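Number of protein chains: 4
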Amino acid sequence: MPRQASSAPPVRGRPRDPRTRAAILVAARDLLERGGLTAVTIEAIAQKAGVSRPTIYRYWPNAPAVAMAAFLEKTGAASAAASPGSALSALRAQLHALADAFAAPAGRSVAAMVAAAQSETELAKAFRNEFIARNRDATWALLERCIADRSIAEPDDMDVTLDLIFGPLFYRLLMGHAPITRGFVDQLLDTVVRARRRRPVQPPAG
Amino acid sequence: MPRQASSAPPVRGRPRDPRTRAAILVAARDLLERGGLTAVTIEAIAQKAGVSRPTIYRYWPNAPAVAMAAFLEKTGAASAAASPGSALSALRAQLHALADAFAAPAGRSVAAMVAAAQSETELAKAFRNEFIARNRDATWALLERCIADRSIAEPDDMDVTLDLIFGPLFYRLLMGHAPITRGFVDQLLDTVVRARRRRPVQPPAG
Amino acid sequence: MPRQASSAPPVRGRPRDPRTRAAILVAARDLLERGGLTAVTIEAIAQKAGVSRPTIYRYWPNAPAVAMAAFLEKTGAASAAASPGSALSALRAQLHALADAFAAPAGRSVAAMVAAAQSETELAKAFRNEFIARNRDATWALLERCIADRSIAEPDDMDVTLDLIFGPLFYRLLMGHAPITRGFVDQLLDTVVRARRRRPVQPPAG
Amino acid sequence: MPRQASSAPPVRGRPRDPRTRAAILVAARDLLERGGLTAVTIEAIAQKAGVSRPTIYRYWPNAPAVAMAAFLEKTGAASAAASPGSALSALRAQLHALADAFAAPAGRSVAAMVAAAQSETELAKAFRNEFIARNRDATWALLERCIADRSIAEPDDMDVTLDLIFGPLFYRLLMGHAPITRGFVDQLLDTVVRARRRRPVQPPAG
DNA sequence: TCGTAAACGAGACGGTACGTCCAGTCTTTTT
DNA sequence: AAAAAGACTGGACGTACCGTCTCGTTTACGA
Chain A
21 MPRQASSAPP VRGRPRDPRT RAAILVAARD LLERGGLTAV TIEAIAQKAG
71 VSRPTIYRYW PNAPAVAMAA FLEKTGAASA AASPGSALSA LRAQLHALAD
121 AFAAPAGRSV AAMVAAAQSE TELAKAFRNE FIARNRDATW ALLERCIADR
171 SIAEPDDMDV TLDLIFGPLF YRLLMGHAPI TRGFVDQLLD TVVRARRRRP
221 VQPPAG
Chain B
21 MPRQASSAPP VRGRPRDPRT RAAILVAARD LLERGGLTAV TIEAIAQKAG
71 VSRPTIYRYW PNAPAVAMAA FLEKTGAASA AASPGSALSA LRAQLHALAD
121 AFAAPAGRSV AAMVAAAQSE TELAKAFRNE FIARNRDATW ALLERCIADR
171 SIAEPDDMDV TLDLIFGPLF YRLLMGHAPI TRGFVDQLLD TVVRARRRRP
221 VQPPAG
Chain C
21 MPRQASSAPP VRGRPRDPRT RAAILVAARD LLERGGLTAV TIEAIAQKAG
71 VSRPTIYRYW PNAPAVAMAA FLEKTGAASA AASPGSALSA LRAQLHALAD
121 AFAAPAGRSV AAMVAAAQSE TELAKAFRNE FIARNRDATW ALLERCIADR
171 SIAEPDDMDV TLDLIFGPLF YRLLMGHAPI TRGFVDQLLD TVVRARRRRP
221 VQPPAG
Chain D
21 MPRQASSAPP VRGRPRDPRT RAAILVAARD LLERGGLTAV TIEAIAQKAG
71 VSRPTIYRYW PNAPAVAMAA FLEKTGAASA AASPGSALSA LRAQLHALAD
121 AFAAPAGRSV AAMVAAAQSE TELAKAFRNE FIARNRDATW ALLERCIADR
171 SIAEPDDMDV TLDLIFGPLF YRLLMGHAPI TRGFVDQLLD TVVRARRRRP
221 VQPPAG
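What follows is the structure, given as structure tokens:
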């Protein structure tokens with residue numbers, strides 16, 4: 021049940037200026053895109069946003085946290101909504117969009133946030149919940165529609181299926197050993213579509 | 021009479037003490053395992069290795085570079101050698117070993133190096149060539165044996181097949197949304213084994 | 021109504037803790053006296069004063085500058101004030117005091133600051149204005165009293181007269197070829213007193 | 021039985037290349053003139069002279085010592101020799117030359133060496149013996165000729181007389197509060213010439 | 001309307017690490 | 001042997017940010 025009657029926490033003192041928060045996030049996002057994670061320092065954000073350093077600390081605990089907030093602010097997850105045609109083509113469209121994003125400069129920000137998430141649990145959690153999970157959920161929904169209309173066989177484990185789709189995309193994004201194209205997405209989808217037609221092969225006893 | 025056949029420069033001045041290099045790498049690896057990438061500072065390495073800071077800079081340009089060298093020094097790629105039984109079971113064994121490594125604390129080091137590789141091209145190149153490529157090559161060899169003995173159908177694109185195996189593993193390692201188990205590896209292998217039985221499905225025109 | 025007449029800047033930000041500045045200067049002076057100029061390193065000052073290195077740099081640009089500030093802080097110029105007896109004896113007393121100071125360990129600090137002033141214009145200016153000029157002014161005042169009461173004849177050039185007094189003292193201090201005694205001061209004064217009785221001798225045409 | 025009659029040192033091994041020593045001194049002098057004492061580092065000398073650092077250490081114990089050697093190598097003392105005309109005019113000529121040197125860029129090197137001599141006894145000794153003493157000796161000789169021909173009265177203390185001449189010159193060189201001109205030298209000489217006509221004034225008892 | 005409480009800018013401060021420079025010393029090979 | 005080259009330790013340099021703090025100033029609200 022909700023913790024309080026309706027909304028109002030007493031709100032004593034001077035209220036936060038919403039422009040402050042916005043300016044910080046804009047500055048952080050800009051720094052992130054230009055110079056990667058290492059460019060996102062509290063110092064630089066403060067400078068760029070015309071804000072004092074303590075003010076930033078009043079909102080976030082450290083620089084990567086600001087970077088993550090800035091990243092998540094802009095980067096909404098793919099929407100499953102309003103896709104014309106079959107579920108499978110909607111799924112394909114969604115993943116094409118993701119591939120396009122990964123291939124664009126914005127992809128570097130995603131990679132940066134993955135990197136940032138490696139050193140702090142808090143960031144990892146935020147990234148996982150706000151970015152990874154959202155993407156997975158949107159794709160999950162479409163996958164279920166595909167299963168419902170028999171475009172894809174019911175998989176043993178939905179999570180594994182999602183990993184088979186997202187894993188290779190992130191892998192290429194982070195390693196950079198090969199480009200992320202729509203064709204690549206198609207190949208991944210083919211695999212998923214065709215793999216799940218029959219019951220699992222039994223792994224050998226030993 | 022020429023002093024040298026061709027390559028080796030005549031080695032002027034006092035030669036480098038191999039123990040110096042070794043001590044640095046040992047210290048760096050230790051720091052990496054204990055405290056992650058942020059613990060690998062030149063300062064700390066120098067302290068731990070009983071070496072002066074300038075000496076470290078004589079070998080590597082910055083701390084992440086030392087970390088990468090330390091990581092790569094120890095982490096040899098999986099060997100395809102001398103596996104008993106069928107090619108498929110050898111492949112499975114190899115990937116089980118990788119999954120075990122990823123699940124163990126050592127996995128954190130791998131994740132750390134992936135993260136490090138995001139901010140410096142030089143590191144990315146080293147990591148890709150020395151770690152990623154080696155693992156792929158070892159697996160590639162086994163996959164070819166599998167194809168030869170018909171355990172797996174000839175895939176359209178070997179790189180994609182490798183991405184389908186490694187991608188999900190790295191994805192779970194980096195996102196931490198689900199555990200990396202041998203069972204997970206088996207599921208990935210199943211997919212690959214079963215997906216490539218027929219000719220590719222035609223992607224839709226649009 | 022305007023907040024300020026003219027000068028004082030409104031004091032933005034956290035004000036400097038006066039104890040910080042004091043601690044730095046005390047530490048620097050101590051180091052200077054014990055080990056000479058080379059002992060006055062930012063590192064050592066920070067250690068001794070219990071202050072961080074960046075804090076010192078917030079006040080002064082480098083170590084010799086701190087040394088100079090520390091030196092000038094303590095070393096007030098000779099005062100011409102309240103000397104009993106004739107102007108000439110007051111002058112003699114003042115210079116005896118200076119000779120005593122030069123002969124004492126403190127003399128080494130003076131020599132050190134002269135040396136320091138050779139390599140940096142900024143230091144030279146500070147030393148000239150705060151130490152040299154003050155001493156000259158004090159002596160100048162007494163000399164004028166001497167001239168007024170006819171103990172000393174009006175010299176052609178007061179600056180030269182001052183150089184004739186201070187020059188030899190500094191010369192001995194810096195070269196160390198002979199001791200700086202009160203007798204030496206008396207000899208210098210004699211020269212000045214007796215030299216300036218008549219109009220200048222004409223230098224030869226060639 | 022002694023290996024050698026008397027003089028010839030055994031000269032084993034590779035003989036020192038005289039060009040090495042020369043190159044070092046030239047480089048040091050050049051650095052000294054361009055950048056003052058702080059520019060004379062072993063590193064820079066080695067670079068400039070095309071010589072390795074240990075080689076320099078084989079000749080001199082540290083950088084200021086090289087600087088001093090380089091300085092003394094070139095800067096011979098004023099010669100009293102072969103001056104036409106009276107002893108007094110010869111003296112004047114000699115001091116004019118010194119004033120010219122002090123006023124010229126070379127004066128900065130002299131000042132630098134005075135500064136250098138403040139921090140090391142060994143350097144101080146060398147400078148005193150090789151530069152200061154030589155100048156004093158040359159002037160002393162001329163002063164004696166002046167005394168002999170009655171241009172100057174016999175002073176109480178020849179050292180004080182020399183200090184009265186050199187002191188003000190060095191004082192201006194080091195403090196830079198006034199220019200070093202030939203006219204200044206003349207004023208100093210006047211003082212000395214006119215001061216020493218009578219017996220010393222008695223300093224007061226107290 | 002007038003406190004009071006928080007937001008905010010500014011900058012001091014202790015820290016930690018950076019990457020560099022130079023000093024001296026040593027260990028090689030070359031002359 | 002001496003010379004040349006370069007490895008190596010060690011100390012200090014001056015800088016960049018960090019995260020915290022202490023100020024003065026501003027802005028809203030609630031008594």
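Protein chains in written order, with my numbering: chain A, 21 to 226; chain B, 21 to 226; chain C, 21 to 226; chain D, 21 to 226. Think of the CB as a built atom: it goes at the ideal place given N, C-alpha and C, for glycine as much as any other residue. As the structure is a prediction and not an experimental result, all values here were calculated from the model.
CB contact below 8 Å: Ser139/D versus chain C | Counting from 1 along the fourth sequence, the entry for residue 139/D is found at position 119. Interface flag for Ser139/D against chain C is set, since a Cβ pair is found closer than 8 Å.
Between Arg192/A and chain B, is there a C-beta pair that is closer than 8 Å?
-> Locating residue 192/A in the first sequence gives position 172, counting from the first residue. Look at Arg192/A: its C-beta is under 8 Å from a C-beta on chain B.
Return the residue from the list Ala126/C, Ser106/C, Ser109/C that minimises the CA-CA distance to Leu51/C.
-> Counting from 1 along the third sequence, the entry for residue 51/C is found at position 31. Closest option to Leu51/C, Cα to Cα, is Ala126/C.
Closer than 6 Å by C-beta to Glu174/D: which residues in its own chain qualify, once you throw out the five before and the five after it? Chain order, please.
-> Counting from 1 along the fourth sequence, the entry for residue 174/D is found at position 154. Cβ within range, chain order: Ile167.
Applying a beta-carbon distance threshold of less than 8 Å, which residues of chain B neighbour Ile152/A?
-> Start at 1 with the first residue of the first sequence, and residue 152/A comes out as number 132. By Cβ distance, chain B contributes Met195, His197.
Would you call Pro84/C buried or exposed, if buried means 16 or more other Cβ atoms sit within 10 Å of its Cβ?
-> In the third sequence, counting from the first residue as 1, residue 84/C sits at position 64. Buried is the call here.
The segment 185-193 of chain D in contact with the segment 178-196 of chain C per 3-pair CB rule at 8 Å = Taking 8 Å as the limit for Cβ pairs, the verdict is that the segment 178-196 of chain C does touch the segment 185-193 of chain D.
Residue range of the alpha helix (DSSP H) that Val134/A falls in?
-> Residue numbering aside, residue 134/A sits at position 114 when the first sequence is read from its first letter. Per DSSP, Val134/A is one residue of the alpha helix (DSSP H) stretching across 126-139.
Continuous alpha helix (DSSP H) stretch holding Phe151/C: start and end = The count along the third sequence starts at 1 and reaches residue 151/C at position 131. Note, Phe151/C: premise wrong, no alpha helix (DSSP H); not H, not E.
Interface residues of chain C around Asp176/D at Cβ under 8 Å?
-> Within the fourth sequence, the letter at position 156 stands for residue 176/D. Simply Gln207.
Residue-level contact to chain B via CB, Thr13/A, 8 Å cutoff | Lying before the first or after the last residue shown, residue 13/A is absent from chain A, which here runs from 21 to 226.
Name the residues in the segment 177-189 of chain B whose C-beta lies less than 7 Å from a C-beta of chain A; which are they?
-> Of all residues in the segment 177-189 of chain B, the ones placed with a Cβ closer than 7 Å to any Cβ belonging to chain A are Asp177, Asp179, Val180, Asp183, Leu184, Phe186, Gly187, Pro188, in chain order.
Can you list, in chain order, the stretches of the alpha helix (DSSP H) that have 4 or more residues and sit fully within the segment 185-221 of chain B?
-> DSSP runs (the alpha helix (DSSP H)) wholly in the segment 185-221 of chain B: 202-215.
Simplified DSSP assignment, three categories, for Gly55/B = Start at 1 with the first residue of the second sequence, and residue 55/B comes out as number 35. If DSSP states are grouped into helix, strand and coil, Gly55/B belongs with the helices.
Helix or strand or just coil, what does DSSP make of Ser109/B?
-> The residue given as residue 109/B occupies position 89 in the second sequence. Helix, per DSSP.
Report the residues of the segment 109-133 of chain B with a CB closer than 7 Å to any CB of chain A, ordered along the chain.
-> Within the segment 109-133 of chain B, the qualifying residues are Ser109, Ala131, Ala132.
Alpha-carbon to alpha-carbon, Thr141/A and Val60/B | As a first step, residue 60/B must be located in the second sequence, where it is residue number 40. As a first step, residue 141/A must be located in the first sequence, where it is residue number 121. For Val60/B and Thr141/A, the distance between alpha carbons rounds to 18 Å.
Neighbouring residues, chain D, relative to Thr211/C (Cβ below 7 Å) = One-based indexing of the third sequence puts residue 211/C at position 191. What Thr211/C touches in chain D: Leu184, Thr211, Ala215.
Buried or exposed: Glu63/C, going by 16 or more other Cβ atoms within 10 Å of its Cβ?
-> Indexing the third sequence from 1 puts residue 63/C at position 43. The Cβ neighbour count for Glu63/C, taken over all protein chains shown within 10 Å, is under 16; the residue is labelled exposed.
Kindly indicate the opening and closing residues of the alpha helix (DSSP H) around Pro74/B.
-> Taking the first residue of the second sequence as position 1, residue 74/B is located at position 54. For Pro74/B, the enclosing alpha helix (DSSP H) stretches over residues 73-79.
Separation of Pro81/A from Ala110/A, as counted between CA atoms | Locating residue 110/A in the first sequence gives position 90, counting from the first residue. Locating residue 81/A in the first sequence gives position 61, counting from the first residue. The straight-line gap separating the alpha-carbon atoms of Ala110/A and Pro81/A is approximately 40 Å.
Alpha carbon to alpha carbon, what distance is there between Gly203/C and Ala117/C?
-> The residue you call residue 117/C lines up with position 97 of the third sequence. The residue you call residue 203/C lines up with position 183 of the third sequence. Going from the Cα of Ala117/C to the Cα of Gly203/C covers about 12 Å.
Under 7 Å Cβ to Cβ from Gly196/C, same chain only, skipping five residues before and after it: list those, please.
-> Taking the third sequence and counting its residues from 1, the one referred to as residue 196/C is at position 176. Correct list: empty, nothing qualifies.
Alpha carbon to alpha carbon, how far is Ile76/B from Arg34/B?
-> Here residue 76/B refers to the residue found at position 56 when the second sequence is read from its first residue. Here residue 34/B refers to the residue found at position 14 when the second sequence is read from its first residue. Within the model, the alpha-carbon separation for Ile76/B versus Arg34/B is close to 17 Å.
Interface flag, Arg218/A vs chain B, CB-CB below 8 Å | Position 198 of the first sequence holds residue 218/A. Here Arg218/A scores only 48 on pLDDT, less than 50, and its place in the model is too uncertain to base an answer on.
For the alpha helix (DSSP H) holding Val60/D, just list the boundary residues, first then last.
-> Working through the fourth sequence from its first residue, we reach residue 60/D at position 40. Note, Val60/D: premise wrong, no alpha helix (DSSP H); not H, not E.
Taking 7 Å as the cut-off, does the CB of Gln67/C come closer than this to any heavy atom belonging to the ligand MN?
-> This structure simply doesn't include the ligand MN, nor any ligand for that matter.
Say whether chain C places a C-beta atom closer than 8 Å to the C-beta of Ala135/D.
-> Locating residue 135/D in the fourth sequence gives position 115, counting from the first residue. Chain C, which has a Cβ nearer than 8 Å to the Cβ of Ala135/D, makes this yes.
Three-way DSSP call (helix, strand, coil) for Asp37/D in this model | For the purposes of this step, residue 37/D is taken as residue 17 along the fourth sequence, with counting starting at 1. Coil, per DSSP.
Please list the partners that Thr201/B has in chain A, where partner means a Cβ-to-Cβ separation under 7 Å.
-> What you label residue 201/B is simply residue 181 of the second sequence in a count that begins at 1. In chain A, no part has a C-beta under 7 Å from the C-beta of Thr201/B; the shortest such distance is about 11 Å.
Burial state of Ser129/A, where buried means 16 or more other Cβ atoms lie within 10 Å = By 1-based counting over the first sequence, the position of residue 129/A is 109. Counting Cβ neighbours within 10 Å, Ser129/A comes out buried, since at least 16 surround it.
Alpha carbon to alpha carbon, how far is Ala225/C from Thr159/D?
-> What you label residue 225/C is simply residue 205 of the third sequence in a count that begins at 1. What you label residue 159/D is simply residue 139 of the fourth sequence in a count that begins at 1. Low confidence applies to Ala225/C: its pLDDT is 49, below 50, so where it sits in the model is not reliable, and the reading given next is rough at best. For Ala225/C and Thr159/D, the gap between their C-alpha atoms comes out near 22 Å.
State the Cα-Cα distance for the pair Arg170/B and Arg148/A, rounded to the nearest angstrom.
-> Looking up residue 170/B in the second sequence gives position 150. Looking up residue 148/A in the first sequence gives position 128. Cα-Cα distance, rounded: 39 Å.
Beta-carbon spacing of Ala131/D, Asp179/C below 8 Å = Translated into the one-based positions of the fourth sequence, residue 131/D becomes position 111. Translated into the one-based positions of the third sequence, residue 179/C becomes position 159. Result no, Cβ atoms of Ala131/D and Asp179/C do not sit closer than 8 Å.
Under the three-state reduction of DSSP, which class applies to Thr95/D: helix, strand or coil?
-> Numbered from its first residue, the fourth sequence carries residue 95/D at position 75. It is coil, neither helix nor strand.
Could you give the DSSP three-state label for Val9/C: helix, strand or coil?
-> Only positions 21 to 226 of chain C appear in the structure, and residue 9/C is not among them; the question remains open.
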